Amino acid sequence: MSLVNNKNLVRHLRQSYLIYLGLLPSLATLAALWQYGYKFPFLLFIGGIVAVSVYLVATYSYTHLPTRLLPMLFFMLDGPFFAFLSMRSEVHPLGFAIETYLIDGTDIWLSILILALVSPLPTSGQRIGSVFFMAVAVAMTTSLFWPYIMAELWGQPRAIWLLLGLGTAVISQFITFKRENTARTDDSSGYLIGLLILWLGAMFAGLLLHHYAPPL
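Now the structure itself:
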């Protein structure tokens, strides 16, 4: 069997990609809070639960992953590739995680927000609710990473790579979500609750490290 047609390899890549997506919010949040802190931790707690919960459900239950090797590799490397292209040697030591999450996280919420606006299926109440919660998710993410954006990306030509990565990711996710059927129907509550608890731990750890440990 050729490498391109190796189903076991593709299955392992799909599983690894879901784990990577699930861990990304925790690592990026820990990195940002450790370095910059956050003035309104309660708002971060509330907004973060909304954002991360939607993100985890979307990535696990509604993200249709390719079944062939080359499309799967593109799906996996899309966000990290553009984040890697944007990096330079003197950035935040965990900047790669932050910038990748800015792509792979924000595209989830923007795609759902756009779909809620253009799809004829939701009722007016569902549409308003979806747009509101996705706007909260985007606003929370922006406020959390805003110090990093201003310090490392604002006015820098390399930010173009992140914008290109975000644009391609939004298009890809929008097409995926428009299928309107779940990719996985098994019970994922343990997986999702575990990753949400991990994110909460990363949030509290980042806040404590910002006050009691040297900056990164």
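The opening position of the sequence shown corresponds to residue 9 in my numbering, with each subsequent residue numbered one higher. Glycine is no exception: its CB is placed at the ideal position from the N, C-alpha and C atoms. Computed from a predicted structure; not experimentally measured.
Item, Value
"Spatial neighbours of residue 64 in its chain, beta-carbon cut-off 7 Å, leaving aside the 5 residues before and after", "30, 200, 203, 204"
"Heavy atom of the ligand ATP within 7 Å of residue 19 beta-carbon", "Looking at this structure, you won't find the ligand ATP or any other ligand, since it has none at all."
"Local conformation of residue 48 per DSSP, three classes", "coil"
"Option in 115, 113, 140, 114 with minimal Cα separation from residue 125", "140"
"Candidates 36, 67, 34, 134, of which the one nearest residue 184 by Cα", "67"
"Coarse secondary structure for residue 33, derived from DSSP in three states", "helix"
"Helix, strand or coil at residue 22 according to DSSP, with G and I counted as helix", "helix"
"Exposure of residue 75, with buried meaning 16 or more beta-carbon neighbours within 10 Å", "exposed"
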